[in-house]
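Only one structure is covered here, and it is reproduced in the block below.
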Amino acid sequence: MAVLGNPDMLTRKIKLCHINAHITCRLCEGYLIDATTVTECLHTFCRSCLVKYLEENNTCPTCRIVIHQSHPLQYIGHDRTMQDIVYKLVPGLQEAEIKKQREFYQKLGMEVPGDIKGDLCNMKTHLDQRNGDAKSEDPTNKDAGEEKPEEDNDYHRSDEQVSICLECNSSKLRGLKRKWIRCSAQATVLHLKKFIAKKLNLTSFNELDILCNEEILGKDHTLKFVVVTRWRFKKSPLLLHYRPKMDLL
Ligand SMILES: [Zn+2]
Ligand SMILES: [Zn+2]
Numbered sequence: 001m002a003v004l005g006n007p008d009m010l011t012r013k014i015k016l017c018h019i020n021a022h023i024t025c026r027l028c029e030g031y032l033i034d035a036t037t038v039t040e041c042l043h044t045f046c047r048s049c050l051v052k053y054l055e056e057n058n059t060c061p062t063c064r065i066v067i068h069q070s071h072p073l074q075y076i077g078h079d080r081t082m083q084d085i086v087y088k089l090v091p092g093l094q095e096a097e098i099k100k101q102r103e104f105y106q107k108l109g110m111e112v113p114g115d116i117k118g119d120l121c122n123m124k125t126h127l128d129q130r131n132g133d134a135k136s137e138d139p140t141n142k143d144a145g146e147e148k149p150e151e152d153n154d155y156h157r158s159d160e161q162v163s164i165c166l167e168c169n170s171s172k173l174r175g176l177k178r179k180w181i182r183c184s185a186q187a188t189v190l191h192l193k194k195f196i197a198k199k200l201n202l203t204s205f206n207e208l209d210i211l212c213n214e215e216i217l218g219k220d221h222t223l224k225f226v227v228v229t230r231w232r233f234k235k236s237p238l239l240l241h242y243r244p245k246m247d248l249l
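Using UniProt numbering, the letters of the sequence shown map in sequence onto residues 1 to 249.
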């Protein structure tokens, strides 16, 4: 959605068919519902489609990378930003989905779960806020993940900075002596993994997972991306946890 970056194009109409490929699920070919993204490669599917697929497979349906040998479901995460975008772009989709879920629970004679009701309310507020703020940082902007072309000599000290608290949540690893750090928002999760591995004298950064809100983060995410899409601008510092990878637990 790079058009957001160009003020002249803010009001330009875009045909839905031109962006359909980015907001549909490859597994069911419908619009994404409960968008869920593979942590490592960032490919997105409906949650139910992906979970069903991963019962029999451990690879990404799009790019075929091995998500995880034995616990692929641990390496996917709800992608609220993507779902917000889909609901915003496809008229009536959110309402239809709410109706479908209500009917589903009613048919079973069950009360509509509170969290669904709550979620939908939150989502509405969230979308409303977005409407008035269309020019703000677009979390889907692919540029966010790219390094700046020219190397700056100040080791990224003039970049936007992010304050982080790195907590250990496993008895198998020890905590850091200094768990509060500040670094460039352009740094990636991989940088943090390498930092922790060095501090803890691990043989490889690959032994670690870093989590935000209990969701494992892909190594290529920038911290800016994590703040925007996972931490969702809650107050500083950004709280991250680390633990051994699933198969080392
Ligand atoms: Zn699907
Ligand atoms: Zn993939």
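Built from N, CA and C at the ideal position, the CB exists for glycine as well.
DSSP links P244 through a beta bridge to L208. Remark: C-beta atoms of V226 and C212 approach each other more closely than 9 Å. Taking C-beta atoms as the reference points, R64 and F45 fail to come closer than 9 Å. Contact between L223 and A185 holds, since their C-beta atoms are separated by about 5 Å, short of 8 Å.
Comparing alpha carbon positions, the residue from L89, V90 and V112 closest to K100 is V112. Where L16 is concerned, the enclosing alpha helix (DSSP H) starts and stops at L16 to I23. Annotation for S48 indicates a beta carbon within 8 Å of some heavy atom of ligand 1. In the three-state DSSP reduction, H43 falls in the coil class, being neither helix nor strand.
Here the alpha carbon of R174 sits roughly 17 Å from the alpha carbon of M246. When secondary structure is reduced to three states using DSSP, I67 falls in the coil class, being assigned neither helix nor strand.
For a cut-off of 8 Å, the C-beta gap from T24 to G30 is around 6 Å, short enough to register as a contact.
In the DSSP annotation of this structure, the continuous segment of the alpha helix (DSSP H) that includes E103 starts and ends at L93 to K107. DSSP places L166 outside any alpha helix (DSSP H); the residue lies instead in the beta strand (DSSP E), whose first and last residues are Q161 to C168. By the rule of a C-beta closer than 6 Å to any heavy atom of ligand 2, the residues picked out are V38, C41, H43, C60, T62, C63 and I65.
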